[in-house]
Ligand code: TXA
Ligand code: MG
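In the working numbering, the protein residues as written are 62 to 386.
Next up, the structure:
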């Protein structure tokens, strides 16, 4: 595995690796992605293998321009409106595949639909353009682990399993893209994320349906009960910190605590809190505590995505994770 800086030379190395069927971790404005040529079934299979990802969870295809989306998916008026409002940016649209769509069935898990996004990070856009291929990329972490917002996070989690890490600094948004399914009659929010769902509903001029119920068949890995999980247990809505716990605080009004503590945003800014969330979970985990107490965080704007990720981090974990495979 090579870590390269996001300069012209590093971009060349990363683009060449993508074109050759390799796995390249690269920065996006949300989190780091683990990219492969979306048309190359073997390369895509390596993503699932490196992540230890259940193969029924389809991947997002990243492209650099609207014209490339049209070669993959059918854009109706709603999709065009959301594309105009939020692309490039942290929004993923689930659309119907066009019949001649060149993307491997492994990316879409054999579904008739495809998830597409145009990221806004200049390094991500430069990489996609230099490689000249649609890039399938989930978050660059082992399945179920906390998503990476720096190159160092990727190296710690995936290291030798991948070919290149393109280091473009810390991801600004800090939570994954919002996933909206436009393949049916009703627009449906599949995963809250970097674009607040209120803004999407406003741009569509209609409310979003929800399909976030854990009882139903998971359509997104974000819908599996335990996800985004640090090693430590996570306790939500903590008003006081118990002995041996670390504190993940928000805002000025924090419970008294002597042990490890990170405030996601001392002045209560949800955008700042989202940007800090995953790095903070990793840092508190590294302090070696058994449990992380999390203060109450408002659920509006980016707070919806933050609370979604924290609920999943706190969810019961089905089986001990096998770190060795
Ligand atoms: O911000 C992001 O979205 C990051 C960066 C790298 O772009 N990527 C990311 O990918 O979070 P991943 O694989 O961790 O999450 C992709 C989400 C999952 O919830 C997946 O189930 C959903 O998109 N998805 C992908 N294709 C789909 C499809 N055809 N139908 C329904 N959901 C789909
Ligand atoms: Mg992920």
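For glycine and all other residues, C-beta sits at the position ideal for the given N, C-alpha and C.
- In this structure, DSSP gives residue 102 a helical state, which the three-state scheme calls helix.
- Taking the Cα of residue 170 as reference, the smallest distance to any Cα among 329, 66, 109 is reached at 109.
- The Cβ atoms of residue 111 and residue 189 do not sit closer than 8 Å to each other.
- Taking residue 361 as the centre and dropping the five residues before and after it, the same chain places the C-beta of 257, 259, 331 closer than 8 Å to its C-beta, in chain order.
- If you compare the alpha carbons of 318, 365, 247, 369 with that of residue 353, the shortest gap goes to 318.
- Ranked by Cα distance from residue 141, the options 261, 166, 204 are led by 261.
- Beta bridge pairing from DSSP links residue 200 with 94.
- Taking the Cβ of residue 98 as the reference point, every heavy atom of the ligand TXA lies at 7 Å or farther away.
- Shown here, residue 367 sits in a helix according to DSSP, grouped into three states.
- Nearest C-alpha to residue 191 among 313, 79, 335: 79.
- Counting C-beta atoms within 10 angstroms of its own C-beta, residue 303 has fewer than 16 neighbours from the protein chains shown and is therefore classed as exposed.
- Relative to the ligand MG, the nearest heavy atom lies less than 7 Å away from the CB of residue 200.
- Inter-residue distance for residue 307 and residue 366 is about 22 Å (C-alpha atoms, whole angstroms).
- Between the alpha carbons of residue 129 and residue 178 lies a gap of roughly 10 Å.
- The shortest CA-to-CA distance from residue 252 to any of 64, 131, 370, 67 is the one to 370.
- Secondary structure note for residue 333: it is in no beta strand (DSSP E), and the uninterrupted alpha helix (DSSP H) holding it is 331–347.
- If you draw a straight line from the Cα of residue 180 to the Cα of residue 310, it is about 30 Å long.
- Secondary structure note for residue 322: it is in no alpha helix (DSSP H), and the uninterrupted beta strand (DSSP E) holding it is 322–324.
- Beta-bridge annotation (DSSP): residue 175 is paired with 156.
- Taking the C-beta atoms as reference points, residue 157 is found nearer than 8 Å to residue 244.
- Taking the C-beta atoms as reference points, residue 372 is found nearer than 8 Å to residue 297.
- One Cα belongs to residue 64, the other to residue 228, and the distance between them is close to 7 Å.
- Straight-line spacing of the CA atoms in residue 321 and residue 121 works out to 36 Å.
- Distance from the CA atom of residue 328 to the CA atom of residue 313, rounded to whole angstroms, is 6 Å.
- Between residue 168 and residue 119, the gap from beta carbon to beta carbon is short of 8 Å.
- Burial state of residue 73 is exposed, judged by a 10 Å Cβ sphere holding fewer than 16 other Cβ atoms.
- At least 8 Å separates the beta-carbon of residue 87 from that of residue 207.
- In this structure, residue 204 places its C-beta atom within 8 Å of the C-beta atom of residue 113.
- Where residue 76 is concerned, the enclosing alpha helix (DSSP H) starts and stops at 69–80.
- Counting other Cβ atoms within 10 Å of its Cβ, residue 163 stays below 16 and is therefore classed as exposed.
- If the five residues before and after residue 240 are omitted, its C-beta is found closer than 7 Å to the C-beta atoms of 153, 155, 176, 251, 252, 254, 281, all from its own chain and listed in chain order.
- Check the Cα spacing between residue 293 and each of 334, 344, 350, 263: the tightest is with 350.
- When C-alpha distances from residue 183 are compared across 133, 166, 230, the shortest belongs to 230.
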